[in-house]
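Undergrad: One structure coming up, written as structure tokens, with questions to follow.
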């Protein structure tokens, strides 16, 4: 069938290359006419800034706790304690010591919400308080909620499955054992809905679920809504709580997570030559995205401006990455173009840095392709070295890190970096945080499905 | 000049059949497509009816290598995407892959596959999931696979807003086209039929326990007692107008406007949702489309079949359109396909414009108090140029979408 191609054999890969080359020729011909987006989109969009940050992460379940962990270069990875992981290949994870009561959740919220929704509520609360935004009747109509999650309510779904299936024995499960909120676990739309319920917001509400790029993509979706005037404020972020047997087993099966269980604190080693795979994490982050005029009018503290976002798919493989990093480089190029940011203006790259050989080489190639020699002069770091890979959540947590990096002019390190991989030869900010003026922070994500996303945060320049 | 988004291909895989023509024939005919669940023995469940896709042969659409790595929900997605692309006659091989994308909704992922994997993991002490669990169950599986299969490498999205997501995906496709992408597959399919997935749905107490396909799901009728679930949905090709015109595409209609609101409160028994927010979504979608309520030829409601929700929706429609606008739904005939059903309503609306026939709400002989609207009860030949589709997702999501006949000056 013409038009039906899968990218996993040689002929198809060659075909993809040919298409890519044709595309690049066309792009060259069109030159700089393509300034924003894929083609000559010349609409004047509204400007969007970040005015609040909330984080729940392993090692720090508040924004400041999170930042202290990062800047101290502390790792929060440990032996899995949530369940008996003896039978699994990978038995380490970055778990959050999260107390929903301390995080301000009501008894009703705790009863109703799965762990990842509780993270989302806690993050939203902290971010809104940080923003100083008062949600009055008029604001509520134009305030939306856009959250990302890769695996949603898996934790509750698995717990309840075990109960209704007689520990997996019955295909025709016994519905009479099911809990009252099981539907909320089935549909991850619960995450954004529960936040909307708490604050009574009436604006556009959405969950974006593009696997491990969900966090960046959710903030990108929110950015577009505010740019286009569909909302003035969006509570935007992501959360995931994937540390449960089914998810651990899923990554075991494809050997994506590390099999080294003896030294949990040093298990996540992005960009280090001896890395063996990623370490799963959990958590969430919420940013308050606000239209610039709206933020200025109320004298809000502005962390930074969202100046670019793009996602491209590799069309190659659900889990595989081609070593050239072409699509990630394209996502970076487009997101820089949108804000008319020169590649040489990038001051910091918050890497996907999952700690799989495939990923680390793929994105190193992408950074070089998109930034040229400037890639060698730019500090890069992977916070997954400290707080693990929380699947859909991590993209939002990394954007929170970027907002704080611009605010505080400090770059978080890549912990556990000791031995250089010849194919990963950039400056990964090894082990120690660095004071560094950051006006432009780039973050990338790479996920199953072939999705490659990039986002750019910039220090606010003149408000026009 | 903002790029305009038009629809140039329809792909349907639903209880009404495989293919847009089969779908139209079914809804004209009006016979119920609901039946006793065949996928598993439903005897032990209070719900025994569902809308299944009839005569679906996955091997016709999915190669064996992909079939073992995907859920039925994705098979339906492959088939609907293939139908939409074929129908549009777009030649992807001549296009920049970064200008082509997929933006589908997904309300609950690869349920049947996932239950099998949970069983493998839990039924034996040393059990484990297969190598495909990590790519088959999660919500992005269909979009990822379709993107790879057709080399659609631009801005892709996976939207989850329960039933409302099906309409949000068209809004997202239009936003993406306004930012320079040329074609976007939008819509979605849904696979809610496995014993465990059904169990999850039972917890809402919104499913009908009726056993007679003709009467089990009767939105807006006096005996309405919840909905019957269905599988499948629709995937449509949304295209940049200039691109469609340059290649001489056959245009079904245009995505003119949309709006999403939220009730800001949870769905609870007895509470039919926030009429003001349902109405606001409808009103703002019309404003963005720059059309008046009086110009609308037909409204496709969410029609969940839960009495209090039907009343709120009917009141919101009356508030915005008055009581004369024709209203029609085929959900009672086909089942509630969650976001797939909202996408299917968009396909139906475009077909109504294509054939200038309003499909009927079959069997709605009497209307429940509070649900009074101008329901179309027989297929009616009528010039149809502007349609509004409404969708409401569990726990407060509302989205309205306005689609219209393509006219040069808009």
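Protein chains in written order, with our numbering: chain A, 62 to 525; chain B, 1032 to 1441.
Ideal Cβ positions, reconstructed from N, Cα and C, are used throughout, including at glycine.
Going along the chain, which unbroken runs of the beta strand (DSSP E) with 3 or more residues stay wholly within the segment 1206-1275 of chain B?
TA: 1214-1221 and 1263-1271
Undergrad: Excluding the five sequence neighbours on either side, which residues of its own chain have a C-beta within less than 8 angstroms of the C-beta of residue 369 (chain A), listed in chain order?
TA: 395, 396, 397, 398, 399, 400, 402, 515, 516 and 517
Undergrad: Nearest CA to the CA of residue 498 (chain A): which residue from A:520, A:313 and A:343?
TA: Comparing Cα positions, the closest option is A:520.
Undergrad: So is residue 1318 (chain B) in contact with chain A if we call contact Cβ pairs under 8 angstroms?
TA: no
Undergrad: Closer than 8 angstroms, CB to CB, is residue 148 (chain A) near chain B or not?
TA: yes
Undergrad: Between residue 1037 (chain B) and chain A, is there a C-beta pair that is closer than 8 angstroms?
TA: no
Undergrad: Chain B partners of residue 373 (chain A), CB-CB under 7 angstroms?
TA: One finds 1129, 1184 and 1185 in chain B with Cβ atoms closer than 7 angstroms to the Cβ of residue 373 (chain A), taken in chain order.
Undergrad: Specify the secondary structure class of residue 1438 (chain B) as computed by DSSP and reduced to three states.
TA: In this structure, residue 1438 (chain B) counts as coil in the three-state DSSP scheme.
Undergrad: Would you call the CB atoms of residue 477 (chain A) and residue 383 (chain A) closer than 8 angstroms?
TA: No, the pair does not count as a contact, with Cβ atoms beyond the cut-off.
Undergrad: Any beta carbon of chain B sitting closer than 8 angstroms to that of residue 339 (chain A)?
TA: With 8 angstroms as the cut-off, residue 339 (chain A) does not count as an interface residue toward chain B.
Undergrad: Determine, for residue 1107 (chain B), whether the minimum Cβ-Cβ distance to residues of chain A falls below 8 angstroms.
TA: no
Undergrad: Going along the chain, which residues of its own chain have a beta-carbon closer than 6 angstroms to the beta-carbon of residue 1310 (chain B), five neighbours each way excluded?
TA: 1347, 1350 and 1351
Undergrad: Which chain A residues sit within Cβ distance under 9 angstroms of residue 1157 (chain B)?
TA: 148
Undergrad: I'd like the ranges of any beta strand (DSSP E) spanning at least 3 consecutive residues and lying wholly in the segment 159-215 of chain A.
TA: 204-209
Undergrad: Let me confirm a value: residue 1254 (chain B) is counted as buried when at least 16 other C-beta atoms fall within 10 Å, else exposed. Which label applies?
TA: Residue 1254 (chain B) counts as exposed, since fewer than 16 other beta carbons sit within 10 angstroms of its beta carbon.
Undergrad: To the nearest angstrom, how far is it from the Cα of residue 1409 (chain B) to the Cα of residue 1391 (chain B)?
TA: 5 angstroms
Undergrad: Closer than 7 angstroms, Cβ to any Cβ of chain A: which residues of the segment 1189-1222 of chain B, in chain order?
TA: 1189, 1190, 1191, 1192, 1193, 1199, 1206, 1209, 1210, 1211 and 1212
Undergrad: Out of curiosity, what's the CA-to-CA distance linking residue 1195 (chain B) and residue 1163 (chain B)?
TA: 29 angstroms
Undergrad: Residue range of the alpha helix (DSSP H) that residue 308 (chain A) falls in?
TA: 306-314
Undergrad: By the criterion of Cβ-Cβ separation under 8 angstroms, what are the contact partners of residue 1169 (chain B) in chain A?
TA: 211, 212, 270, 272 and 509
Undergrad: Tell me whether the beta-carbon of residue 1082 (chain B) lies closer than 8 angstroms to the beta-carbon of residue 1366 (chain B).
TA: Less than 8 angstroms separates the beta-carbon of residue 1082 (chain B) from that of residue 1366 (chain B).
Undergrad: For residue 439 (chain A) versus residue 132 (chain A), is the C-beta spacing smaller than 8 angstroms?
TA: Cβ distance not < 8 angstroms, so residue 439 (chain A) and residue 132 (chain A) don't count as in contact.
Undergrad: At the level of alpha carbons, what is the spacing between residue 1110 (chain B) and residue 356 (chain A)?
TA: Rounded to the nearest whole angstrom, the CA to CA distance from residue 1110 (chain B) to residue 356 (chain A) is 46 angstroms.
Undergrad: So residue 1072 (chain B) contacts chain A; which residues on that side make the cut at Cβ distance below 8 angstroms?
TA: 233
Undergrad: Could you spell out where the alpha helix (DSSP H) holding residue 124 (chain A) opens and where it closes?
TA: 124-133
Undergrad: Could you tell me which chain A residues have their CB closer than 9 angstroms to the CB of residue 1233 (chain B), listed as they occur along the chain?
TA: Ordered by position in chain A, the residues that pass the 9 angstroms Cβ test against residue 1233 (chain B) are 236, 239, 243 and 244.
Undergrad: How would you list, in chain order, the residues of chain A whose beta-carbon sits under 7 angstroms from the beta-carbon of residue 1226 (chain B)?
TA: 232, 233 and 234
Undergrad: For residue 391 (chain A), which residues in chain B fall below 7 angstroms Cβ to Cβ?
TA: Ordered by position in chain B, the residues that pass the 7 angstroms Cβ test against residue 391 (chain A) are 1129.
Undergrad: Answer with yes or no whether the minimum CB distance from residue 302 (chain A) to chain B is below 8 angstroms.
TA: no
Undergrad: Expressed to the nearest angstrom, what Euclidean distance is found between the alpha-carbon atoms of residue 1339 (chain B) and residue 248 (chain A)?
TA: Distance between the alpha carbons of residue 1339 (chain B) and residue 248 (chain A) is about 22 angstroms.
Undergrad: Looking at C-beta atoms only, is the number of pairs between the segment 1096-1108 of chain B and the segment 1215-1224 of chain B that lie closer than 8 angstroms three or more?
TA: yes
Undergrad: Could you name the residues of the segment 252-269 of chain A whose beta carbon sits closer than 8 angstroms to any beta carbon of chain B, in the order they occur along the chain?
TA: Per Cβ criterion, the list reads 253, 254, 255, 257, 258, 260, 261, 262, 263, 264, 265, 266, 267, 268 and 269.
Undergrad: May I ask you to list the residues that DSSP assigns as paired with residue 1299 (chain B)?
TA: B:1302
Undergrad: Any beta carbon from chain B within less than 8 angstroms of residue 466 (chain A)'s own beta carbon?
TA: no
Undergrad: Under 8 angstroms between the Cβ atoms of residue 1424 (chain B) and residue 446 (chain A)?
TA: no
Undergrad: Along chain A, which residues have their Cβ under 9 angstroms away from the Cβ of residue 1175 (chain B)?
TA: 271, 272, 374, 379, 508, 509, 510, 511 and 512
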